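Here is the structure we will look at.
Chains as they are written, first to last, in our numbering: chain A, 1 to 327; chain B, 1 to 279.
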């Protein structure tokens with residue numbers, strides 16, 4: 001039985017439209033015009049317990065709105081959803097005991113107090129037994145290496161340290177599902193890595209279902225096994241994160257280092273030069289038009305090669321293509 | 001290690017656990033307010049200036065009328081009463097904070113927690129306001145003592161005023177929170193509240209005790225929620241009268257019930273209308 005199931009979930013927002021100028025502002029006071037936007041357009045999917053899902057899409061695609069409906073914050077316009085066998089917007093408080101949320105841009109720690117105060121508050125809010133809470137907290141502190149941070153006022157912590165404490169607080173009640181909305185936003189490489197490793201660890205050791213949205217493809221690649229891509233409120237991809245590469249790669253990037261600076265490249269159909277330097281060349285091969293082996297053979301026939309690297313295009317590029325519906 | 005404590009309604013400690021969570025919110029709120037004790041103390045300078053102005057105003061009023069008492073109150077008693085009224089003076093801070101939470105979507109971190117949002121806000125407000133009132137009363141008493149000397153202080157009156165003090169803070173909260181909830185429908189409800197708070201200033205006894213108003217205005221204003229807040233606390237401590245006290249307790253309770261019912265309706269409808277866009 002899926003831990004999250006969504007059927008035709010839809011959310012529309014209605015906005016007042018105002019034209020520029022004083023006259024139009026005055027007009028809109030008496031005869032207002034409204035515009036309706038479908039933020040989420042009849043999406044359906046289901047997630048099994050213990051899965052790690054990357055829920056991605058460009059700005060305004062409907063990611064956060066979906067998360068907010070699944071956590072009971074927003075009421076949908078139409079459709080159904082069950083999270084941990086509960087309808088989120090009907091049983092919001094009951095569901096709160098079973099899920100954890102981290103909104104990267106909306107902190108839940110008390111800013112002027114040390115994080116330990118918020119941890120203790122959450123223990124009471126989630127009606128935890130104090131012995132269980134203390135054991136759990138010690139374990140989380142160890143996992144997230146936050147022992148030295150929890151007694152410092154939150155305002156004095158770095159963004160990365162704060163985010164680690166945010167995740168600790170959201171896991172304090174051992175949720176079955178954790179919704180992470182851009183948890184690595186604004187973090188440096190090391191902080192990101194630390195957070196990714198620990199979330200992965202929580203998923204492995206506790207079987208917590210991870211529902212992650214991020215603009216950072218690294219988060220998706222390193223953390224999730226399945227990716228759902230949403231654009232303009234509709235799901236445009238739902239499959240294995242790994243298969244994103246296989247299904248959508250129609251080109252290869254080849255970097256070549258030559259022994260001779262006067263190297264020559266014959267014109268080949270489907271090959272585009274990306275960068276050229278004294279000894280180096282970077283080309284993109286459209287694999288639907290040219291065969292990588294043949295391209296390399298033709299270049300090697302005319303030049304002496306020092307080194308070759310063949311790479312897939314970055315995942316960002318693949319996702320951007322999917323966003324633009326250019327499969 | 002994954003042990004989830006599942007709250008059960010059959011649990012005999014369930015109600016106690018619910019009480020405990022709001023108590024903890026109250027405690028963290030006053031700790032957070034104490035974290036900026038210097039800020040709270042700096043407000044007392046503003047407070048001291050207001051008391052000085054009132055004192056000058058009432059020196060002029062009593063001398064121009066050439067009377068010892070007005071409505072049975074000496075000048076020193078009026079100033080003491082105003083001190084208590086001013087101690088409960090509310091800033092627009094709570095209202096603006098809630099409006100911002102609703103508009104920015106920060107409310108989302110409260111809505112997906114296992115507590116009732118209005119009760120969370122009340123507990124937080126009691127924590128903040130309790131500390132501020134306490135500081136105000138302590139400093140206000142010192143300043144007023146130096147300005148006008150003491151008054152016929154009775155410890156019984158102070159003890160009897162405690163339920164009124166709690167009622168005053170709760171009544172202030174339910175009024176402010178009602179206006180904050182209007183933000184679910186309109187862009188900025190603080191403008192409407194500003195008009196309301198001016199009425200509160202005039203009819204609530206912040207400048208002039210409503211008991212000194214003429215005829216019908218006095219009778220009407222004493223029934224309104226404005227005069228049944230901090231004014232009745234001041235009146236109870238400075239010039240206790242049993243009839244007034246009982247009437248104030250009943251009226252406070254009625255107004256709290258009225259605004260609480262309004263909150264219940266507005267919150268239930270408003271939360272369905274919530275619009276949060278973006279992360």
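Quick reminder that beta carbons are idealized off the backbone N, C-alpha and C, glycines included.
Just so we're clear, the structure is a prediction, and the values are computed from it rather than from any experiment.
For residue 10 of chain A, the enclosing beta strand (DSSP E) has its first and last residue at 4-17.
The Cβ of residue 124 of chain B sits no closer than 8 Å to any Cβ of chain A. Pairing residue 276 of chain B with residue 130 of chain B gives a Cβ-Cβ distance that is not under 8 Å.
Scanning the segment 197-274 of chain B from its first residue to its last, the whole alpha helix (DSSP H) runs of 4-plus residues come out as 215-221, 230-238, 242-270. For residue 177 of chain A, the three-state secondary structure derived from DSSP is strand. When rounded, the separation of the alpha-carbon atoms in residue 79 of chain A and residue 38 of chain A is 13 Å.
Beta-bridge analysis with DSSP links residue 227 of chain A to A:54, A:239. In this structure, the straight-line span from the alpha carbon of residue 216 of chain B to that of residue 197 of chain B is close to 22 Å.
Taking a contact to require three or more Cβ pairs closer than 8 Å, the segment 178-195 of chain A and the segment 270-284 of chain A do not qualify as touching. Listed by position along chain A, the residues whose Cβ is nearer than 8 Å to that of residue 180 of chain B form an empty set, because the closest Cβ is around 18 Å away.
As computed with DSSP, residue 212 of chain A is found in a beta bridge with A:54, A:180.
Here the C-alpha atom of residue 73 of chain A lies approximately 18 Å from the C-alpha atom of residue 41 of chain A.
Taking a Cβ-Cβ cut-off of 9 Å, residue 176 of chain B has no neighbours in chain A, whose nearest Cβ is about 21 Å from it. Here residue 122 of chain A really is in contact with residue 172 of chain A; their C-beta atoms are around 5 Å apart, less than 8 Å.
Per DSSP, reduced to three states, the secondary structure at residue 273 of chain A is strand.
At a cut-off of 8 Å, the C-beta of residue 127 of chain A has a neighbouring C-beta in chain B. Assignment of residue 114 of chain A by DSSP, reduced to helix, strand and coil, places it in the strand class. Scanning the segment 30-99 of chain B for uninterrupted alpha helix (DSSP H) segments of 4 residues or longer gives 37-65, 75-87, listed from N- to C-terminal end. Restricting attention to A:167, A:310, A:57, the CA atom closest to the CA of residue 196 of chain A is found in A:167. Shown here for residue 58 of chain A: same chain residues with a beta carbon closer than 8 Å to its own, the five before and five after excluded, namely 231, 323 in chain order. Comparing alpha-carbon positions, the option among B:31, B:245, B:76, B:48 lying closest to residue 156 of chain B turns out to be B:245.
With respect to the 8 Å criterion, residue 237 of chain A and residue 305 of chain A are not classified as neighbours on the basis of their beta carbons. Membership of residue 30 of chain A in the alpha helix (DSSP H) is indicated by the continuous run 22-30.
Contacts with chain B at 8 Å (Cβ-Cβ) do not include residue 151 of chain A. By the Cβ rule, the segment 309-318 of chain A does not count as touching the segment 85-102 of chain A, because fewer than three pairs are nearer than 8 Å. For residue 75 of chain A, there is no enclosing alpha helix (DSSP H), as DSSP marks it with neither H nor E. According to the DSSP assignment, residue 292 of chain A belongs to the alpha helix (DSSP H) that extends over 292-302. Setting aside the 5 residues that flank it on each side, residue 171 of chain B is surrounded in the same chain by 225, 228, 229, 252, 255, 256, 259, each with a C-beta closer than 8 Å to its C-beta; the list follows chain order. Taking 8 Å as the threshold, the shortest C-beta distance from residue 149 of chain B to chain A does not fall below it. When the Cα atoms are used, residue 232 of chain B and residue 161 of chain B turn out to be separated by approximately 8 Å. A:104 is the residue among A:82, A:104, A:125 whose C-alpha sits nearest the C-alpha of residue 161 of chain A. Exclusion of the five residues before and after residue 190 of chain B leaves 92, 95, 96, 99, 179 as the residues of its chain whose Cβ lies within less than 8 Å of its Cβ. Within a 10 Å sphere around the beta-carbon of residue 61 of chain A sit 16 or more other beta-carbons, which makes this residue buried. Beta-bridge analysis with DSSP links residue 205 of chain A to no other residue.
Using a CB distance cut-off of 8 Å, residue 189 of chain B does not count as an interface residue toward chain A. The beta carbon of residue 175 of chain B lies closer than 7 Å to those of 225, 259 in the same chain, with the five residues before and after it left out.
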